[in-house]
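Trainee:
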Ligand code: MTE
Ligand code: MOS
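In the numbering used here, the protein residues as written are 3 to 768.
1) Inspect the CB distances between the stretch 356-369 and the stretch 113-126 and report whether three or more fall short of 8 angstroms.
2) In angstroms with no decimal places, state the Cα-to-Cα distance between residue 521 and residue 584.
3) Taking Cβ positions, are residue 418 and residue 616 nearer each other than 8 angstroms?
4) Closer than 7 angstroms to a non-hydrogen atom of the ligand MTE - does that hold for the CB of residue 596?
5) Let me know if residue 763 comes out buried or exposed under the rule of 16 or more other beta-carbons within 10 Å of its beta-carbon.
6) What does DSSP give as the partner residue(s) for residue 457 in the beta ladder?
7) Does the stretch 323-333 come within contact of the stretch 290-297, defined as at least 3 CB pairs closer than 8 angstroms?
8) For the stretch 556-610, which segments carrying the beta strand (DSSP E) assignment without a break, of at least 3 residues, lie completely within its bounds, in sequence order?
9) If you follow the beta strand (DSSP E) that residue 144 is in, where does it begin and where does it stop?
10) Helix, strand or coil for residue 647 per DSSP?
11) Where are the alpha helix (DSSP H) runs, 4 residues long or more, that stay fully inside the stretch 85-143, in chain order?
12) Identify the continuous alpha helix (DSSP H) that holds residue 428 and give its terminal residues.
13) Cα-Cα, which of 427, 413 and 525 is closest to residue 421?
14) State the start and end residues of the unbroken alpha helix (DSSP H) segment that holds residue 513.
15) Who are the Cβ neighbours of residue 671 in its own chain at under 6 angstroms, not counting the five residues just before and after it?
16) Inspect the CB distances between the stretch 89-98 and the stretch 308-324 and report whether three or more fall short of 8 angstroms.
17) As a quick exercise: from 149, 466, 133 and 72, pick the residue whose alpha carbon is nearest that of residue 123.
18) Buried or exposed for residue 614, please, with buried defined as at least 16 other CB atoms from any protein chain shown within 10 angstroms of its CB.
19) With a CB to CB cut of under 8 angstroms and the five nearest residues on each side skipped, what residues in its chain are close to residue 101?
20) Which of the three DSSP states is assigned to residue 207 in this structure?
21) Kindly examine the ligand MTE and report whether one of its heavy atoms sits closer than 7 angstroms to the Cβ of residue 43.
22) According to DSSP, is residue 78 part of a helix, a strand, or is it coil?
23) Name the two residues that bound the continuous alpha helix (DSSP H) containing residue 325.
24) Expressed to the nearest angstrom, what Euclidean distance is found between the alpha-carbon atoms of residue 213 and residue 609?
25) Can you name the start and end residues of the beta strand (DSSP E) that residue 180 belongs to?
26) What does the alpha-carbon distance come out to for the pair residue 562 and residue 174?
27) Can you give me the Cβ contacts of residue 595 inside the same chain, cut-off strictly under 7 angstroms, excluding the 5 residues immediately before and after it?
28) If you measure between the beta carbons of residue 646 and residue 669, is that distance less than 8 angstroms?
29) Going by DSSP, name the residue or residues bridged to residue 624.
30) Regarding residue 652 and the ligand MTE, is the C-beta to nearest heavy atom distance less than 7 angstroms?
31) What do you get for residue 342, buried or exposed, if any count of 16 or more other CB atoms within 10 angstroms of its CB means buried?
32) Run the CB neighbour count on residue 580, radius 10 Å, all protein chains shown included, and call it buried at 16 or more, exposed below.
33) Go ahead and label residue 681 buried or exposed: buried means 16 or more other beta carbons lie within 10 angstroms of its beta carbon, across all protein chains shown.
34) Going by the CB atoms, is the gap between residue 472 and residue 363 shorter than 8 angstroms?
35) What is the DSSP secondary structure of residue 336, counted as helix, strand or coil?
36) Which stretch, first to last residue, makes up the beta strand (DSSP E) that contains residue 356?
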């Protein structure tokens with residue numbers, strides 16, 4: 003990694019007095035796979051997750067939920083066999099502030115009061131020192147509900163079979179217009195239509211959700227828990243308790259994965275634990291077991307997409323019309339923003355003069371769907387990339403030739419009218435991916451061999467992009483802050499609300515600060531996200547942490563370094579010891595040395611919410627993924643045999659962690675494509691166990707071959723862009739295209755379980 007580049011590197015500190023080091027330049031820390039900061043603690047079992055924490059006198063809390071999808075609460079019955087006087091019992095009337103989970107809007111109650119709108123909606127909370135008695139008590143509460151008719155599908159919601167939300171069951175809709183789609187149909191040589199569907203998907207972080215709360219009217223509310231966004235939880239608690247901001251404190255405990263699933267739901271559990279703590283005056287711990295976590299918390303939005311595409315004879319895109327709908331469940335939660343990202347990514351990395359995307363998020367009586375890695379893009383990208391393979395067949399081009407004729411280049415515009423100003427080389431990424439996977443040779447070979455075999459092989463790919471950071475003006479509104487200070491002995495502390503959840507925040511921030519300051523990574527300490535201690539650097543979502551918050555860390559480090567230079571405490575050519583004494587000298591003379599940096603939106607990025615046009619994202623990662631599959635036609639089982647992931651992500655800060663992000667995302671994408679099937683019964687997940695909700699194991703994941711192209715992004719820290727969600731977008735369509743290539747089946751929905759594939763194979767033979 004650090005070859006010629008590192009030798010030429012001039013910014014690294016030069017050593018004084020140590021001869022052996024004069025001839026070996028300090029390698030750049032950015033671009034080096036330094037070990038994960040918290041890795042040793044994690045693998046040796048020393049890390050303390052929320053369930054490892056205990057407070058004196060602590061109670062356990064649990065949630066009594068609605069069994070019905072929709073209805074009016076008539077009565078709540080408490081079985082007299084339980085000694086209820088020993089329990090703390092909380093219902094909606096105990097809420098001191100507003101009964102809501104404040105997010106974009108405040109439609110979702112923290113506890114259902116008069117009505118329930120989805121199965122597993124929380125109605126009553128119980129706390130007791132004995133977990134086992136608590137579970138008995140939970141079963142002894144009966145919520146009597148007068149059932150109302152409910153709706154469970156996008157179709158029924160759109161048809162307004164029941165009006166369950168607002169005036170039209172629609173949380174949000176968008177319309178993207180570029181050129182004149184209506185005028186294009188007449189000029190087309192080909193018009194191709196298609197319908198695509200994707201299912202729900204459970205995040206399946208290793209550590210289920212959990213929270214501990216301490217709360218009383220004098221001290222306010224403090225919660226510790228597994229979460230991605232401390233300031234989201236903070237906002238929700240302030241509203242729920244009607245407290246001033248400084249009376250609410252949220253501390254993130256080590257988080258065993260989030261994947262979007264700990265973006266909005268932790269506000270709910272924090273609210274529940276805090277309400278029990280408030281009423282009992284004791285600390286209360288709520289930890290979900292896997293079954294509760296699976297049935298009650300958010301999942302990826304199911305989607306339906308209709309494509310209509312006009313092309314010229316030689317396969318040039320003339321017009322793309324997309325109709326995209328996602329199922330938001332019973333409350334709005336984050337559906338508008340998931341929809342927004344799905345909408346903007348729906349037309350992919352292609353240059354097309356006329357594009358129309360219409361989209362909407364609708365209400366059903368299911369538990370709210372929520373953030374999951376990719377945030378709407380995996381849904382719309384699946385539809386597009388599957389559709390393009392079908393088009394290629396109709397137009398008579400290879401899938402790669404069709405893409406090549408339409409890839410976007412510098413100076414051209416995306417569907418939302420964003421002019422691509424960065425260098426983009428989709429052709430190069432595709433060439434490299436196809437070559438590394440022997441795509442053409444294998445396509446040919448499989449075509450010859452398949453007719454003689456019951457095991458059919460196939461190879462397919464997907465080309466895609468993923469924008470990093472909040473959409474449009476989002477980062478401007480967020481106005482994130484991060485800070486850095488130094489101790490008298492020269493340790494550097496980074497303060498941000500951004501959380502580590504396995505994706506590498508701690509290590510990446512440390513690398514950025516160490517590189518900027520020219521000191522060792524061991525001198526950098528990343529402070530625990532705690533709203534009483536750290537500024538609001540925004541939520542840990544949208545693949546924004548490295549690129550947006552990392553940049554703030556870099557600027558803060560630079561500002562501290564400048565203070566040391568300007569004060570004459572430090573001279574160029576310093577080493578880590580010089581840095582340490584400079585910090586000590588500075589602090590002795592002037593007091594604390596710290597720097598707080600606020601995000602400034604680049605003035606040349608413009609976004610218009612009214613027309614939904616402009617610079618949707620500051621930067622995109624670009625990628626081409628190739629999947630090879632085998633399909634056993636007797637059992638309709640699909641195996642992914644090989645996987646090549648080529649992406650351009652700006653400068654790679656930590657190659658091992660970055661490759662880990664891609665590998666993990668591809669594994670989740672394999673689950674999304676083939677195995678992870680949520681079985682719904684009256685709006686309730688009926689396979690909420692890991693024995694019947696099938697996810698890929700190591701046996702089902704092939705070696706994933708990850709390749710990075712690096713074109714440093716001028717505005718990213720050290721040139722980096724965001725990559726966290728990217729791998730989810732392209733994996734499922736690459737696999738679906740490979741299955742279609744292997745079998746001739748027209749794959750239009752995922753997951754492609756054996757049952758689904760059998761059905762599709764029958765239509766091939768019919
Ligand atoms: N990787 C791990 N190991 N664990 C996670 O929870 N979350 C994903 C992705 N990669 C996640 C992960 C999601 S949904 C997002 S938005 C990004 O990481 C967030 O982190 P980033 O901003 O540092 O990319
Ligand atoms: Mo990620 S879905 O933005 O937490």
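Cβ coordinates follow ideal geometry from the N, Cα and C atoms, glycine included.
None of these values were measured; they are calculated from a predicted model.
Mentor: Let me spell this out:
1) yes
2) 13 angstroms
3) Yes, they are a contact pair.
4) no
5) Classification for residue 763: buried.
6) 634
7) The stretch 323-333 vs the stretch 290-297: no contact.
8) Within the stretch 556-610, the complete beta strand (DSSP E) runs of at least 3 residues are 595-600.
9) 143-149
10) strand
11) 133-141
12) Start and end: 428-438.
13) Minimum Cα distance to residue 421 is reached at 413.
14) 507-519
15) Shown here for residue 671: same chain residues with a beta carbon closer than 6 angstroms to its own, the five before and five after excluded, namely 730, 733 and 734 in chain order.
16) no
17) 72
18) buried
19) 94, 111, 112, 113, 115 and 242
20) coil
21) no
22) strand
23) No alpha helix (DSSP H) contains residue 325, which is instead part of the beta strand (DSSP E) from 319-331.
24) 38 angstroms
25) 172-180
26) 44 angstroms
27) 487, 488, 562, 565, 585, 588 and 589
28) For residue 646 and residue 669, no; Cβs fall outside 8 angstroms.
29) 467 and 650
30) no
31) buried
32) Result: buried.
33) It is exposed - the Cβ of residue 681 has fewer than 16 other Cβ atoms within 10 Å.
34) In this structure, residue 363 lies away from residue 472, with their beta-carbon atoms at least 8 angstroms apart.
35) coil
36) 356-365
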